[in-house]
Amino acid sequence: MTSQAALKPVAAAVSERDMANAIRALAMDSVQEANSGHPGMPMGMADVATVLFSRFITIDPSTPDWPDRDRFVLSAGHGSMLQYAMHYLLGYKDMPVEELQRFRQLGSRTAGHPEFGHALGIETTTGPLGQGISTAVGMALAERMLAARHGADLVDHFTYVIAGDGCLQEGISHEAIDLAGHLKLSRLIVFWDDNAISIDGPTSLSTSMDQPARFKAAGWHVQSVDGHDTEAVAAAIEAAQQSDRPSLIACRTVIGKGAPNLGGSEKTHGAPLGDAEIAATRENIGWAYAPFEVPDDILFAWREIAERGQAARHAWEQRLAASPRRQAFESAIAGKLPDAVFEALGAFRKEHVEKATKVATRKASEMALGAINAATELTVGGSADLTHSNLTITKGMDRIAPDDYAGRYIHYGIREHGMAAAMNGIALHGGFVPYGGTFLCFADYARGAMRLSALMGQRVVYVMTHDSIGLGEDGPTHQPVEHLAMLRATPNLNVFRPADIIETAECWELALKSENRPSVLVLSRQNLPMLRQAHSDPAYSDENRSSQGAYILREPAGRRAVTLIATGSEVEIAVAAAERLETEHGIAAAVVSMPCWELFEEQDAGTRKAVLGSAPRIAIEAAARLGWDRWIGDTGAFVGMAGFGASAPAPDLYRHFDITPEAVAAAALKLII
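When we follow our numbering, the leftmost residue of the sequence shown carries the number 34, and every step to the right adds one.
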């Protein structure tokens, strides 16, 4: 194993204490200017951050996204001024001092919490506590997987995290550290800001956890240091880099370090220090400069870090240019899926239209994944201990294991939230397209990280099976009712609920092509007939009909009297109801399959009107009504769930809750007669 050698402090004439005090001053000045923010953590962790950046980290602010950079994640995102101050000091082109002066203001780069894509060098959005450390696990895993494929000459970097007490108290942290310890992710180094303070006061109000012991129990390398002793911090980082396990460095710090009256108090956590305390702090730390002023020698010392990183990037680029793996590596980092993937999916659809294949959409997903995974190595799969229920593994996918990262399938364990965050980290790191499975009802457990997938615009695919009361005997605890509404309410998230094997393949294609948003594939446990063949003319075309979100599956010969709109397993019910209305009552009913509300919403008004028509509408979905009135209007009807499910075989449940062709036909008659 290689490691990055510790360096001497960058400028002999400037001490690391001076460099850290620059962070303290900028943090307290920015929070004071905004009259909002969290000065305590940046002031307390300034010494640790300075040592990390001064002696160890390899980044290049002039090219902040070069692939072999070290990743830095500020998991304690409320302390964002720590990162913004360093970005100004390091010379990021989008972080002049004026941005610090506009901290937390509309339109500034310096948002209240670090946001991916909002400012250069922000590796992931943090703020919701626990997400940063958990996302970093995915980054560290991606680094090991990419190194296994392309070699240490091209992939050889660390993931560093600063986490606070809040991050470690959040339940997701346990999922993350357990997974990282099991997989021996030795390139992951976490600094715990052990200041014993939370918003309410001392952490002893709510916890007695021995955090180092917890990390040790999870298989981590653990050290404890005085976070204000720069040599002790440096020695701990050197030891962590040499470990064959992920590392925790518990840094005992004083929140608000330097503030003579408020330091060590919860009063510095989330409020400005005030003019008097700031003046006293300046005197206490020997900072005889005006607000937002940093002397040239200290600024130069920080800028030398950037120069060192630029030299490292140039050396890496020379290795890349000479590498026989260059083309494959660049293709992986670009994340561009080959045309062969979509050609394979087209052939798949044609084959199964001709066969009229009847399978559960979870099985259809597995079959489509077989074609996808055979056509590219960029996709990496996994499941939260439901592999053979979610059907997320395909032929030839070797498993990721401790010290063996060459495979493509990750056993995340029963850690839905940790899985989702890790997949965010894999996507953010680059080199792979991650997908992972669980039951739809456990979207509740993964929700925090799924929201960040959408907020950051990451191509993460959530395979969520057992999507309704159709899962049957497992009962209401496992039968999702409100989950579709919750997911559909999330901006920048495509929720696909395909009706058959053809729509499933189409939705997979759309998910893979959606490079700037995540997707959820909502899939059935029960078998569903292939509907496209029987009600399409021609039966097959190259057109991806799911791409506009909704389309007319069955159009009656005469003028529509009613439009039946359904998703997933209920499209079959809508078709049967339309046939019943026609044969028994002479009523012309159209059937609209709506696999993706979000894509349909993006269509122009004319397209939506042509699909939905002007006749009365009925929606059919074995879930809650919430949201459906957008499509059926004030006079429309809904056939679905009004409460939680029950434990019974699926056919019995559909009859019990009156989600049947007969019920749909009765609702139609009531609307139009």
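Glycine is no exception: its CB is placed at the ideal position from the N, C-alpha and C atoms.
Predicted model only: the values in this text are computed from it and were never measured.
DSSP, read as helix, strand or coil, puts Pro-684 in helix. Secondary structure note for Leu-543: it is in no beta strand (DSSP E), and the uninterrupted alpha helix (DSSP H) holding it is 534-546. When the five nearest sequence neighbours on each side are left out, the beta carbons in the same chain lying within less than 7 Å of the beta carbon of Phe-375 are those of Glu-542, in order along the chain.
Beta-carbon to beta-carbon, Ala-361 and Ile-405 are separated by about 18 Å, too far to satisfy the 8 Å threshold. In this structure, the beta-carbon distance from Leu-614 to Ile-606 does not fall below 8 Å. Its Cα nearest to that of Thr-427, the residue Val-413 stands out among Ala-460, Ala-439, Val-413, Pro-589. Contact between the segment 130-138 and the segment 190-197 is absent: fewer than 3 CB-CB pairs across the two stretches fall below 8 Å.
Fewer than three pairs of CB atoms, one per stretch, sit closer than 8 Å, so the segment 377-387 makes no contact with the segment 212-231. For Leu-461, the uninterrupted alpha helix (DSSP H) run begins and ends at 449-462, by DSSP. Ala-152 sits in a strand when the DSSP states are folded into three classes. Counted as a single uninterrupted DSSP element, the alpha helix (DSSP H) harbouring Asp-308 occupies residues 308-318. Three or more pairs of CB atoms, one per stretch, sit closer than 8 Å, so the segment 449-456 contacts the segment 469-489.
The way I'd put it, the segment 545-559 does touch the segment 523-535; three or more beta-carbon pairs between them come closer than 8 Å.
When only Cα atoms are considered, Val-170 and Leu-632 end up about 32 Å apart. Counting along the chain, the unbroken alpha helix (DSSP H) around Leu-704 starts and ends at 694-705.
Between Leu-123 and Glu-49, the alpha-carbon positions lie close to 14 Å from each other.
Under a 10 Å Cβ-count criterion, Gly-470 is classified as buried, with 16 or more other Cβ atoms of the shown protein chains found around its own Cβ. A contact is defined here as three or more CB-CB pairs under 8 Å, and the segment 80-92 fails this definition with respect to the segment 308-328. For Cys-200, the enclosing alpha helix (DSSP H) starts and ends at 198-202.
A distance below 8 Å between beta-carbons, with the five flanking residues on each side excluded, links Pro-682 to the following residues of its chain, in chain order: Gly-505, Glu-506.
When the Cα atoms are used, Leu-488 and Tyr-442 turn out to be separated by approximately 26 Å.
Remark: C-beta atoms of Met-76 and Ala-292 approach each other more closely than 8 Å. Per DSSP, Glu-387 is one residue of the alpha helix (DSSP H) stretching across 372-388. Per DSSP, the unbroken beta strand (DSSP E) holding Asp-259 starts and ends at 254-259. Counting C-beta pairs with one atom in each stretch, the segment 142-160 and the segment 92-108 have three or more that are closer than 8 Å, which means they touch. Residues Tyr-121, Phe-325 of the same chain have their beta carbon placed closer than 7 Å to that of Val-130, with the five preceding and five following residues left out of the count. Sixteen is the threshold: since fewer than 16 other Cβ atoms of the shown chains lie within 10 Å of the Cβ of Met-242, the residue is exposed. Here Ser-398 is not near Val-466, since their CB atoms are 8 Å or more apart. Non-local C-beta neighbours of Ile-665 in its own chain, meaning closer than 6 Å and more than five positions away in sequence, comprise Arg-650, Ala-652, ordered along the chain. Here the alpha carbon of Gly-199 sits roughly 21 Å from the alpha carbon of Ser-486. Residue range 516-521 is occupied by the alpha helix (DSSP H) that includes Leu-520.
The beta carbons of Ser-206 and Ile-166 sit about 6 Å from each other, so the pair counts as a contact at 8 Å.
Looking at the DSSP output, Val-496 shares a beta bridge with Gly-470, Leu-554. Distances from the CA of Gly-678 to each of Pro-371, Gly-660, Ala-655 were compared; the closest alpha carbon is that of Ala-655. Taking 4 residues as the shortest admissible run, the segment 566-644 contains the following complete alpha helix (DSSP H) segments, listed from N- to C-terminal end: 603-618, 630-634. A Cβ-Cβ distance of about 4 Å is found for the pair Ile-288 and Gly-73, placing them in contact under the 8 Å criterion.
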